[in-house]
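Colleague: Residue numbers (our numbering), protein chains in the order written: chain Z, 13 to 313; chain G, 5 to 434. Quick reminder that beta carbons are idealized off the backbone N, C-alpha and C, glycines included.
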């Protein structure tokens with residue numbers, strides 16, 4: 013590194029120094045608020061630490077417990093995995109569908125774009141409380157409407173089979189945020205491609221599959237990664253509404269992590285849980301990134 | 005000349021060196037005690053600041069610096085500072101048992117204090133909130149308890165006799181059923197907020213053995229089955245709101261006070277704060293303890309807040325001076341007279357403005373019962389085991405199992421609960 017530094021011209025050295033100087037606030041923030049906490053967390057995952065007492069080194073026992081002696085860990089992992097599998101495709105598809113609708117050139121479209129984006133900026137706690145009211149089995153709006161058309165609505169959050177789909181439904185409601193990103197992607201697709209396809213006789217469906225989807229794949233790829241991470245981190249809804257119940261049907265991984273860290277003050281084990289989730293997210297991201305070579309198309313290609 | 009100027013320089017140097025010592029001596033005359041507290045219904049920020057002013061005026065050598073934190077952020081901030089080992093306040097609430105290792109042992113200070121004696125406090129609260137692992141880790145501020153509040157007007161309207169303090173768990177279901185009126189969308193009573201609280205104890209049920217080794221025979225004991233069966237009967241009676249109703253219609257996590265005030269609940273398990281709210285609202289109510297099981301010892305879910313001195317304080321004597329003032333007779337009387345505190349000192353509590361009212365007398369009687377907290381505080385793994393065994397609670401509350409399935413359900417939870425107990429005991433001790 014020193015040799016390459018010496019090979020630089022004085023002007024290049026000055027530019028490099030200036031670049032590092034400009035980067036230094038970010039570097040400082042990264043080291044202090046990200047790199048060091050991650051390092052400490054890795055260390056703590058090999059300890060038993062109740063916060064107010066000194067950490068005790070216990071080797072890999074937290075990880076051994078996680079995989080061999082902790083049914084709650086497997087339950088939390090199963091519930092979270094199911095939630096990702098249910099909510100992620102829904103959010104991707106419905107986000108795109110909404111973006112396609114919002115991409116129409118109709119009067120008042122900006123108003124609708126704003127309206128659909130609002131759920132994305134409302135506090136998660138407020139949204140949770142609102143959905144509790146909407147899905148109340150006896151007096152909630154949803155079941156009242158279902159009742160009006162002769163359908164007996166389920167007990168939603170208070171039913172072991174419906175609680176998880178209810179949380180998934182809530183997360184889908186916030187799809188306006190991703191729709192805006194899709195919309196930006198849609199508007200970046202050159203109009204002349206559609207015109208050329210139309211001249212060639214392509215119908216709406218054909219234009220959608222052969223132009224829109226391929227050129228939108230970078231956006232879909234981005235959304236897939238972001239929404240996947242977001243789904244794995246689901247917490248507020250369960251914390252506010254279900255507390256993981258009933259019958260642990262919404263006992264999400266982050267809720268388990270929270271209880272271990274901040275209710276049981278079992279920071280060592282909580283660190284191990286956090287690291288394992290990070291590894292899952294990392295592995296899934298690498299896998300998606302790997303497959304992206306086959307299905308993501310960039311304009312430059 | 006040279007000698008003279010050197011002499012002057014030395015004198016000047018010596019004087020300069022003395023300045024900081026002089027400053028330190030002056031500063032040591034007044035010791036500042038950092039006190040973290042919260043704003044609550046029982047003691048508002050204003051009242052607490054007035055108490056500090058009074059203390060500071062009476063103790064010119066000690067100045068208490070009050071920091072009032074929101075209740076929601078207090079736990080996080082205390083945990084963070086105690087974990088960091090620096091920056092914690094000299095005196096504060098130590099309301100989480102996990103903080104007790106960092107509390108100063110007050111035994112020697114209390115022994116040397118002629119004005120403060122443990123026998124001044126309610127024995128149950130002293131045992132559960134002041135003593136931890138044979139050390140005195142703090143003093144209990146205020147008292148609170150759960151009891152059943154009943155709406156006398158609803159009872160009169162329905163022609164149902166008021167409950168008596170010696171009522172039983174069966175009486176509870178029968179009374180709640182008689183008071184339920186679907187036409188008026190009114191329930192007779194509410195459900196317990198969790199298993200192994202007062203009513204479970206009244207049945208003699210404990211989640212595991214007293215030596216923290218065994219689940220089998222405890223979580224699934226006859227007493228536990230009886231208490232869950234009682235819950236099952238209560239749920240099946242239709243005389244109580246469902247968990248969904250409570251979550252939607254109740255706005256407080258501490259009990260369905262709003263439903264009670266609205267006349268939608270004829271009986272509700274509430275606390276002394278709710279009692280004050282009911283008085284303000286003009287509700288005609290009475291109070292009885294949670295129902296008993298004949299022949300068994302009776303328990304109450306009672307609580308108090310531990311106020312402690314941080315073990316890392318630089319001024320333990322002055323901190324004790326403030327702590328014993330705040331949580332001693334003088335401070336608690338001040339907070340009672342100027343706020344809404346129910347003191348943990350029976351002699352002071354006896355002077356409460358409403359002490360002659362029948363419901364306050366009933367509340368005082370509840371305070372004398374044996375406390376659920378005795379078990380909970382002595383068993384740090386209680387919460388972990390209950391979390392592993394929560395399925396039985398859910399199944400009964402949701403009406404998912406039959407009455408005869410309770411024993412089998414509890415049996416099925418023995419293994420996961422035992423696993424949770426073993427892991428927790430290895431970590432936190434028995």
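For residue 415 of chain G, which residues of its own chain have a beta-carbon under 7 Å away from its beta-carbon, when the five flanking residues on both sides are left out?
Modeller: Cβ neighbours of residue 415 of chain G beyond the five flanking positions: 224.
Colleague: If I follow the unbroken alpha helix (DSSP H) through residue 217 of chain Z, where does it start and stop?
Modeller: Note, residue 217 of chain Z: alpha helix (DSSP H), 216–219.
Colleague: Counting only runs that start and end within the region 134–160 of chain G, where is the beta strand (DSSP E) found for 3 or more residues in a row?
Modeller: As far as the region 134–160 of chain G is concerned, its whole beta strand (DSSP E) runs of at least 3 residues are 143–155.
Colleague: State the Cα-Cα distance for the pair residue 168 of chain Z and residue 83 of chain Z, rounded to the nearest angstrom.
Modeller: Approximately 25 Å, taken between the alpha carbons.
Colleague: One question on the structure: do residue 153 of chain G and residue 282 of chain G come within less than 9 Å of each other, judged by their Cβ atoms?
Modeller: A contact, by the Cβ cut-off of 9 Å.
Colleague: Helix, strand or coil, according to DSSP, for residue 269 of chain G in the structure here?
Modeller: DSSP places residue 269 of chain G in strand when its eight states are reduced to three.
Colleague: Is there a Cβ from chain G that is less than 9 Å from the Cβ of residue 257 of chain Z?
Modeller: Yes - at least one Cβ of chain G is within 9 Å of the one on residue 257 of chain Z.
Colleague: By a C-beta neighbour count over all protein chains shown, 10 Å radius and 16 as the cutoff for buried, is residue 19 of chain Z buried or exposed?
Modeller: Classification for residue 19 of chain Z: exposed.
Colleague: Within the 9 Å Cβ cut-off, does residue 219 of chain G reach chain Z?
Modeller: Cβ-Cβ to chain Z under 9 Å: no for residue 219 of chain G.
Colleague: Check whether chain G comes within 9 Å of residue 49 of chain Z, counting only Cβ atoms and requiring the distance to be less than that.
Modeller: Judged by the 9 Å Cβ criterion, residue 49 of chain Z is not in contact with chain G.
Colleague: Would a check of beta-carbon distances place residue 22 of chain Z closer than 9 Å to chain G?
Modeller: Taking Cβ atoms only, chain G never reaches closer than 9 Å to residue 22 of chain Z, which makes this a no.
Colleague: Is residue 166 of chain G near residue 290 of chain G, with beta carbons less than 9 Å apart?
Modeller: Going by C-beta atoms, residue 166 of chain G is nearer than 9 Å to residue 290 of chain G.
Colleague: For a minimum of 3 consecutive residues, which ranges assigned as the beta strand (DSSP E) are wholly contained in the region 191–230 of chain G?
Modeller: Fully enclosed beta strand (DSSP E) runs of 3 or longer: not present.
Colleague: Taking C-beta pairs closer than 7 Å, name the residues in chain Z that residue 190 of chain G reaches, listed in chain order.
Modeller: Per Cβ cutoff of 7 Å: no residues; residue 190 of chain G is ~14 Å from chain Z at best.
Colleague: If you compare alpha carbons, which of G:96, G:425 and G:118 is closest to residue 37 of chain G?
Modeller: Cα-wise, what sits closest to residue 37 of chain G is G:96.
Colleague: Measuring only the C-alpha atoms, how far is residue 320 of chain G from residue 94 of chain G?
Modeller: Going by the C-alpha atoms only, they are around 8 Å apart.
Colleague: For the candidate residues G:69, G:433, G:377 and G:295, whose alpha-carbon lies nearest to that of residue 176 of chain G?
Modeller: Residue 176 of chain G has its Cα closest to that of G:295, out of G:69, G:433, G:377 and G:295.
Colleague: Give the list of continuous alpha helix (DSSP H) stretches no shorter than 4 residues that lie fully inside the region 37–107 of chain G.
Modeller: The qualifying runs are 49–62 and 75–88.
Colleague: Just by C-beta distance, which residues in the region 371–392 of chain G are closer than 8 Å to chain Z?
Modeller: Result list: 387, 388, 391 and 392.
Colleague: For chain G, check one thing: does any of its Cβ atoms lie closer than 9 Å to the Cβ of residue 187 of chain Z?
Modeller: Chain G contact via Cβ: absent.
Colleague: Got a sec? Which residues, its chain only, sit under 7 Å from residue 117 of chain G by beta carbon, not counting five neighbours each side?
Modeller: The residues are 328.
Colleague: Pull out every residue of the region 241–267 of chain G whose Cβ sits closer than 9 Å to any Cβ of chain Z, in chain order.
Modeller: Against chain Z - using a Cβ distance shorter than 9 Å - the residues of the region 241–267 of chain G are 246, 247, 248, 249, 251, 252 and 253.
Colleague: For residue 186 of chain G, would you say it is in contact with chain Z, using Cβ-to-Cβ distances shorter than 9 Å as the test?
Modeller: Chain Z, which has no Cβ nearer than 9 Å to the Cβ of residue 186 of chain G, makes this no.
Colleague: Please report whether the beta-carbon of residue 45 of chain Z lies at a distance below 9 Å from any beta-carbon of chain G.
Modeller: Not closer than 9 Å to any Cβ of chain G, the Cβ of residue 45 of chain Z fails to qualify, so no.
Colleague: Output the boundary residues of the alpha helix (DSSP H) element that contains residue 280 of chain Z.
Modeller: Residue 280 of chain Z -> alpha helix (DSSP H) spans 279–307.
Colleague: What did DSSP end up calling residue 371 of chain G once you bin it into helix, strand or coil?
Modeller: Residue 371 of chain G falls in the helix class under three-state DSSP.
Colleague: So who's on the other strand from residue 130 of chain G, going by DSSP bridges?
Modeller: Residue 130 of chain G is not bridged to any residue.
Colleague: Residues of the region 67–96 of chain G in Cβ contact with chain Z at a cutoff of 7 Å, in chain order, please.
Modeller: So the close ones are 83, 86 and 87.
Colleague: Can you find the residues in the same chain that come closer than 6 Å, C-beta to C-beta, to residue 125 of chain Z, ignoring five residues on each side of it along the sequence?
Modeller: Contacts found: 114.
Colleague: Run through chain Z and tell me which residues come within less than 8 Å of residue 4 of chain G, C-beta to C-beta.
Modeller: Residue 4 of chain G lies beyond the stretch modelled for chain G, which goes from 5 to 434, so this question has no answer here.
Colleague: Between which two residues does the beta strand (DSSP E) containing residue 292 of chain G stretch?
Modeller: Per DSSP, residue 292 of chain G belongs to the beta strand (DSSP E) from 289–292.
Colleague: Does the beta carbon of residue 212 of chain G fall short of 8 Å from some heavy atom of the ligand FAD?
Modeller: In terms of ligand content, the structure shown is empty, and the ligand FAD therefore cannot be addressed.
Colleague: Residues in its own chain within less than 8 Å of residue 219 of chain Z by CB, not counting five upstream and five downstream?
Modeller: So the qualifying residues of the chain are 206, 209 and 210.
Colleague: Give me whichever residues DSSP pairs with residue 268 of chain Z in a beta bridge.
Modeller: Paired residues: none, contrary to the question.
Colleague: Around the C-beta of residue 132 of chain G, are 16 or more other C-beta atoms found within 10 angstroms, so that it is buried, or is it exposed?
Modeller: Counting Cβ neighbours within 10 Å, residue 132 of chain G comes out buried, since at least 16 surround it.
Colleague: If you count every other CB in all the chains shown that lies within 10 Å of the CB of residue 62 of chain Z, and 16 or more means buried, which is it?
Modeller: Per the 10 Å Cβ criterion, buried.
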